[in-house]
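Undergrad:
Numbering (this note's numbering), first residue to last: 72 to 508.
1. Provide the residue(s) that pair with residue 307 in DSSP beta bridges, ordered along the chain.
2. Measure the CB-CB distance between residue 244 and residue 198 and report whether it falls below 8 Å.
3. Using only alpha-carbon positions, find the residue among 365, 206 and 141 that is nearest to residue 84.
4. Please go through the same chain and pick out, in chain order, the residues whose beta-carbon is closer than 6 Å to the beta-carbon of residue 165, but skip the five residues on each side of it.
5. Which one or two residues does DSSP pair with residue 100 in a beta bridge?
6. Ignore the nearest five residues each way along the sequence and tell me which others in residue 184's own chain have a CB closer than 8 Å to its CB.
7. Kindly identify the DSSP beta-bridge partner or partners of residue 411.
8. With residue 116 and residue 316 assumed to form a contact (beta carbons below 8 Å), what rounded beta-carbon distance in angstroms separates them?
9. Distance check for residue 283 and residue 407, CA to CA, integer angstroms please.
10. Grab the span of the alpha helix (DSSP H) containing residue 347 for me, first residue to last.
11. According to the neighbour-count rule (16 or more other Cβ atoms, all chains shown, within 10 Å of its Cβ), is residue 155 buried or exposed?
12. Nearest-angstrom Cα distance between residue 370 and residue 273?
13. Out of curiosity, what's the CA-to-CA distance linking residue 337 and residue 329?
14. Using 8 Å as the threshold, is the C-beta distance between residue 303 and residue 278 below it?
15. To which residues of the same chain is residue 295 closer than 7 Å at the C-beta, ignoring the five residues directly before and after it?
16. Do residue 310 and residue 285 count as a contact pair if the criterion is CB distance below 8 Å?
17. Whose CA, out of 436, 381 and 78, lies closest to the CA of residue 425?
18. Going by the CB atoms, is the gap between residue 200 and residue 144 shorter than 8 Å?
19. Less than 8 Å between the beta carbons of residue 160 and residue 313, yes or no?
20. If you draw a straight line from the alpha carbon of residue 135 to that of residue 105, how long is it in whole angstroms?
21. To which residues does DSSP link residue 369 through a beta bridge?
22. So, helix, strand or coil for residue 220, using DSSP?
23. So if DSSP puts residue 397 in a beta bridge, which residue, or which two residues, is it bridged to?
24. Taking the alpha-carbon of residue 322 as reference, which of 94, 389 and 290 has the nearest alpha-carbon?
25. Compute the Euclidean distance between the alpha carbons of residue 153 and residue 420, then round it to the nearest angstrom.
26. What did DSSP end up calling residue 447 once you bin it into helix, strand or coil?
27. In chain order, what residues of the same chain lie with their CB nearer than 7 Å to the CB of residue 500, ignoring the 5 residues before and after it?
28. Would you please state the rounded distance, in angstroms, between the beta carbons of residue 445 and residue 433? I believe it to be under 8 Å.
29. Output needed for residue 305: all residues of its chain with C-beta closer than 7 Å, excluding positions within five of it in sequence on either side, in chain order.
30. Find out if the Cβ-Cβ distance for the pair residue 212, residue 356 is shorter than 8 Å.
31. From residue 298 to residue 495, what distance separates their C-alpha atoms?
32. Going by beta-carbon coordinates alone, are residue 374 and residue 214 separated by less than 8 Å?
33. Could one say the Cβ of residue 170 lies closer than 8 Å to chain C's Cβ atoms, at least one of them?
34. Taking the straight line between their C-alpha atoms, what separation do you get for residue 428 and residue 113?
35. Looking only at its chain, what residues have a beta carbon closer than 8 Å to the beta carbon of residue 118, apart from the 5 residues adjacent to it on each side?
36. Quick check on residue 377: buried or exposed, where buried means 16 or more other Cβ atoms within 10 Å of its Cβ?
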């Protein structure tokens, strides 16, 4: 049975009153009916902007276009629209045209660190691979806002192959993150081809997908997509919930499909002024995520992209939020708060300071309650201290996983890799005679 809210039914009827209600859950139907202009937005939600406000919004949309899925539109609370976190993330506002000198088109220098088409190679052992320029929704806080409004396209196989070849020819790369745009805007077949090519690279250990589909278009997580993704383990997926209101029945169903397929799920939130810059909101979001088997991964300080000044908070607000999480909720429900360094310096963790002071043999620490305590350092560490002489290291450096052949008891007899056919007590006289004892 298909469950739709009254607003979803109203929006669906205004868009396509001749289609069956099941079409609402068809992700391709949702894409065909993206909201891309102010008039359609007003009509579907039954709202109307004042002339001056409308003119300013039109100026904003001319530079940073609109694209909203009917599903995500249906989550907007029109009674409190101007303060609604869904509305603020989806709809253009005049503030986006207020830029300052510190803002940059490409604040993370992704283009400068691109050695091959679609590839950003910033960290030693992993790369970002942009496989699509298309999104189902244009998030107003997007760090790649410079790309919004470009001609939407999916790179052809020749372009994608050039990126794959770079990964294949760079043995130190053990981890690749597929991003964009949104990789799940690709067809199942095209994404399957990309994943198959990547999985054939011997030194590539992990493939990750970054997608906001579970948030803005959860119907994209179809059974066919999940069955295809399962073929390419180990595969991880990071998504992007910013507010508890985004976790709906439909998004929970999408997350459950992925988790049940053995795909580890993570979430990367962005700290946004007026959306989630509140300790109670963030804690509620983290708790709802872990209920849905999604591990909070990062809480991002908003980047210095053009048009995002109204979304940025002081870093002190992020520290305050982290103080409300550390010690006050489960460790696995706590993200790492990071600043993605301007100029391409990568993610820098930012945490409250829990070290009060230290000396040669003591460290003074404080806990989340304000309790100050002492940790005694070891009296002697010199004989274990690493001298960086790896070729002649006397420490145990067995880095491979341990062999599991040392079975005992009945397990030893059941194990195909062990040649034992019986278990003999040490006191058995017959076997003692055999051994000349």
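In this text, a Cβ means the ideal position worked out from N, Cα and C, and glycines have one as well. As the structure is a computational prediction, the values presented were derived from the model and not from experiment.
TA: In terms of the structure at hand:
1. One-based indexing of the chain shown puts residue 307 at position 236. Assignment of beta-bridge partners to residue 307 by DSSP yields 279.
2. Counting from 1 along the chain shown, the entry for residue 244 is found at position 173. Counting from 1 along the chain shown, the entry for residue 198 is found at position 127. Yes; because the gap between Cβ atoms is below 8 Å, this pair is in contact.
3. Taking the first residue of the chain shown as 1, we reach residue 84 at position 13. Taking only the C-alpha atoms, the option nearest residue 84 is 141.
4. Your numbering for residue 165 matches position 94 in the chain shown. Excluding the 5 residues flanking it on each side, residue 165 has same chain C-beta neighbours closer than 6 Å at 127 and 131, in chain order.
5. Counting from 1 along the chain shown, the entry for residue 100 is found at position 29. In the DSSP output, where bridge partners are listed per residue, residue 100 has none listed.
6. Counting from one through the chain shown, the residue named residue 184 turns up at place 113. Around residue 184: 191, 192, 193 and 415.
7. For this step, residue 411 is matched to residue 340 along the chain shown. Answer by DSSP bridge pairing, in chain order: 418.
8. Locating residue 116 in the chain shown gives position 45, where the first residue counts as 1. Locating residue 316 in the chain shown gives position 245, where the first residue counts as 1. With a Cβ gap of about 16 Å, residue 116 and residue 316 do not count as contacting.
9. As a working mapping, residue 407 is identified with position 336 in the chain shown. As a working mapping, residue 283 is identified with position 212 in the chain shown. Roughly 19 Å separates the two Cα atoms.
10. Along the chain shown, read from residue 1 onward, the residue named residue 347 stands at position 276. For residue 347, no alpha helix (DSSP H) run applies, since DSSP gives it neither H nor E.
11. What you label residue 155 is simply residue 84 of the chain shown in a count that begins at 1. Classification for residue 155: buried.
12. As a working mapping, residue 370 is identified with position 299 in the chain shown. As a working mapping, residue 273 is identified with position 202 in the chain shown. Taking the Cα positions, residue 370 is about 32 Å away from residue 273.
13. Translated into the one-based positions of the chain shown, residue 337 becomes position 266. Translated into the one-based positions of the chain shown, residue 329 becomes position 258. So the alpha carbons of these two residues sit roughly 11 Å apart.
14. Position 232 of the chain shown, counted from the first residue, corresponds to residue 303. Position 207 of the chain shown, counted from the first residue, corresponds to residue 278. A contact, by the Cβ cut-off of 8 Å.
15. Position 224 of the chain shown, counted from the start, is the residue given in the question as residue 295. Cβ neighbours of residue 295 beyond the five flanking positions: 259.
16. In the chain shown, counting from the first residue as 1, residue 285 sits at position 214. In the chain shown, counting from the first residue as 1, residue 310 sits at position 239. A contact, by the Cβ cut-off of 8 Å.
17. As a first step, residue 425 must be located in the chain shown, where it is residue number 354. Looking only at 436, 381 and 78, the smallest Cα-Cα distance to residue 425 is reached by 436.
18. Residue 144 sits at position 73 when you count from the first residue of the chain shown. Residue 200 sits at position 129 when you count from the first residue of the chain shown. No, they are not a contact pair.
19. Your numbering for residue 160 matches position 89 in the chain shown. Your numbering for residue 313 matches position 242 in the chain shown. In contact: residue 160 and residue 313 (Cβ atoms closer than 8 Å).
20. In the chain shown, the residue the question calls residue 135 occupies position 64. In the chain shown, the residue the question calls residue 105 occupies position 34. About 15 Å.
21. Start at 1 with the first residue of the chain shown, and residue 369 comes out as number 298. Under DSSP, the beta-bridge partners assigned to residue 369 are 339 and 407.
22. Taking the first residue of the chain shown as position 1, residue 220 is located at position 149. Note that residue 220 has pLDDT 46, beneath the 50 cutoff, so the model's placement of it is unreliable and the number below is only indicative. Of the three classes helix, strand and coil, the one that applies to residue 220 here is coil, per DSSP.
23. Locating residue 397 in the chain shown gives position 326, where the first residue counts as 1. DSSP output for residue 397 lists 400 as bridge partner(s).
24. What you label residue 322 is simply residue 251 of the chain shown in a count that begins at 1. By alpha-carbon distance to residue 322, the top candidate from 94, 389 and 290 is 290.
25. In the chain shown, the residue the question calls residue 153 occupies position 82. In the chain shown, the residue the question calls residue 420 occupies position 349. Residue 153 and residue 420 have their alpha carbons spaced roughly 32 Å apart.
26. Working through the chain shown from its first residue, we reach residue 447 at position 376. In the structure shown, the three-state DSSP call for residue 447 is strand.
27. Here residue 500 corresponds to residue number 429 of the chain shown, with the count starting at 1. There are no such residues.
28. Translated into the one-based positions of the chain shown, residue 445 becomes position 374. Translated into the one-based positions of the chain shown, residue 433 becomes position 362. That pair is a contact at about 6 Å.
29. Residue numbering aside, residue 305 sits at position 234 when the chain shown is read from its first letter. Sequence-distant partners of residue 305 (beyond 5 residues in either direction) whose C-beta falls short of 7 Å from its own C-beta, in its chain, are 277.
30. For the purposes of this step, residue 212 is identified with residue 141 of the chain shown, where counting begins at 1. For the purposes of this step, residue 356 is identified with residue 285 of the chain shown, where counting begins at 1. Going by C-beta atoms, residue 212 is not nearer than 8 Å to residue 356.
31. Counting from one through the chain shown, the residue named residue 298 turns up at place 227. Counting from one through the chain shown, the residue named residue 495 turns up at place 424. Whole-angstrom Cα-Cα distance: 48 Å.
32. Against the chain shown, residue 374 aligns to sequence position 303. Against the chain shown, residue 214 aligns to sequence position 143. A contact, by the Cβ cut-off of 8 Å.
33. Although the question refers to chain C, the structure presented lacks it and comprises just one protein chain.
34. Here residue 428 corresponds to residue number 357 of the chain shown, with the count starting at 1. Here residue 113 corresponds to residue number 42 of the chain shown, with the count starting at 1. Taking the CA atoms as reference points, residue 428 sits about 58 Å from residue 113.
35. On the chain shown, position 47 is the one that residue 118 refers to. Once the five neighbours on either side are set aside, the close Cβ partners of residue 118 are 112, 149 and 152.
36. The residue you call residue 377 lines up with position 306 of the chain shown. Counting Cβ neighbours within 10 Å, residue 377 comes out buried, since at least 16 surround it.
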